[in-house]
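Chemist: For the sequence shown, our numbering assigns the number 13 to the initial residue and increments by one for each residue that follows.
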Amino acid sequence: MKKINFRKPSMKVSLVLLIIINILILGASIALLVIYQLYTFIPLPILLLGLIDYLYYSNQKKIKKQKAILSEKEFVTLFTYFKVYLANGFTVYGAIKEITNFASPSLKNELENFLDKVDQDKSIQPYIDFAHIFKPIIYEQFMISVYQMVEEGTSGLYLQQFDRIFYKLSEVVYREEEVKRERKIVTLGASPLIGAGLIIILITIGVVAIIGEMISGI
Numbered sequence: 013m014k015k016i017n018f019r020k021p022s023m024k025v026s027l028v029l030l031i032i033i034n035i036l037i038l039g040a041s042i043a044l045l046v047i048y049q050l051y052t053f054i055p056l057p058i059l060l061l062g063l064i065d066y067l068y069y070s071n072q073k074k075i076k077k078q079k080a081i082l083s084e085k086e087f088v089t090l091f092t093y094f095k096v097y098l099a100n101g102f103t104v105y106g107a108i109k110e111i112t113n114f115a116s117p118s119l120k121n122e123l124e125n126f127l128d129k130v131d132q133d134k135s136i137q138p139y140i141d142f143a144h145i146f147k148p149i150i151y152e153q154f155m156i157s158v159y160q161m162v163e164e165g166t167s168g169l170y171l172q173q174f175d176r177i178f179y180k181l182s183e184v185v186y187r188e189e190e191v192k193r194e195r196k197i198v199t200l201g202a203s204p205l206i207g208a209g210l211i212i213i214l215i216t217i218g219v220v221a222i223i224g225e226m227i228s229g230i
């Protein structure tokens, strides 16, 4: 079995870069205003900064969503390993402990915290709390089925229920990935047109501003 590793994008680095770009654009705009007194040029850098900041926050939202999808896919992979351990005679607790060895650092930390809570609290609550790391309600149903196997054993009705919910969970996770891929294709098709339109608007504003300054200077 292979350890799962996901590289985390550095939000701090990208935020610092955004701040630097903002400062450079503002500095260049102020310099142009002071040197050439192009006051009608003011809307151009404002629009440019607005566009850059919008793209940044939009991209960060996509990164956050992508990280959530990766975590959900990792969860499915890890609990596939979990099923293998159960089939080889491990207890539920022992199987969960084993799969932490293959988890990425962030999910490994969550799993270890979960096991610590289980050591202290034998109720269903640690299972519910762990499920709430993920937003879809099906994770709660899944962890309840895991708890039921702890209480009732890993044979018969409870194992069948676990298998049924796990299959449903896998379908949900990979269906979301398929929908995301379809949306990405649509977005990629439209992005050149959007980009070209924005460039034309910015160029037009710049030209109008310069012509306006020339006319007012005559």
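Quick reminder that beta carbons are idealized off the backbone N, C-alpha and C, glycines included.
(1) Would a C-beta distance cut-off of 8 angstroms place isoleucine 33 and isoleucine 64 closer than the cut-off?
(2) Rank Glu183, Leu127, Ser135, Leu67 by C-alpha distance to the C-alpha of leucine 316 and give the top, closest one.
(3) Going along the chain, which residues of its own chain have a beta-carbon closer than 8 angstroms to the beta-carbon of tyrosine 97, five neighbours each way excluded?
(4) Would you call glutamate 164 buried or exposed, if buried means 16 or more other Cβ atoms sit within 10 Å of its Cβ?
(5) State the Cα-Cα distance for the pair asparagine 125 and valine 28, rounded to the nearest angstrom.
(6) Quick check on glutamate 84: buried or exposed, where buried means 16 or more other Cβ atoms within 10 Å of its Cβ?
(7) What do you get for arginine 19, buried or exposed, if any count of 16 or more other CB atoms within 10 angstroms of its CB means buried?
(8) Go through its chain and collect everything with a Cβ distance to lysine 180's Cβ below 8 angstroms, but skip five positions before and after it.
(9) Around the Cβ of valine 104, are there at least 16 other Cβ atoms within 10 angstroms (buried) or fewer (exposed)?
(10) Between the C-alpha atoms of glutamine 172 and tyrosine 186, what's the straight-line distance to the nearest angstrom?
Modeler: To lay it out plainly:
(1) It is a contact, given that the beta carbons lie within the stated cut-off.
(2) For the chain, the structure presents residues 13 to 230; residue 316 sits outside this window and is missing.
(3) Excluding its 5 nearest sequence neighbours in each direction, tyrosine 97 has C-beta neighbours in its own chain below 8 angstroms: Gly106, Ala107, Glu110, Ile111, listed in chain order.
(4) exposed
(5) 32 angstroms
(6) buried
(7) With a pLDDT of only 48 at arginine 19, under 50, the local geometry of the prediction cannot be trusted, and the value read off the model is given with reservation. Exposed: under 16 other Cβ atoms inside 10 Å.
(8) Ile150
(9) By the beta-carbon neighbour count (other beta carbons within 10 angstroms, threshold 16), valine 104 is buried.
(10) 21 angstroms
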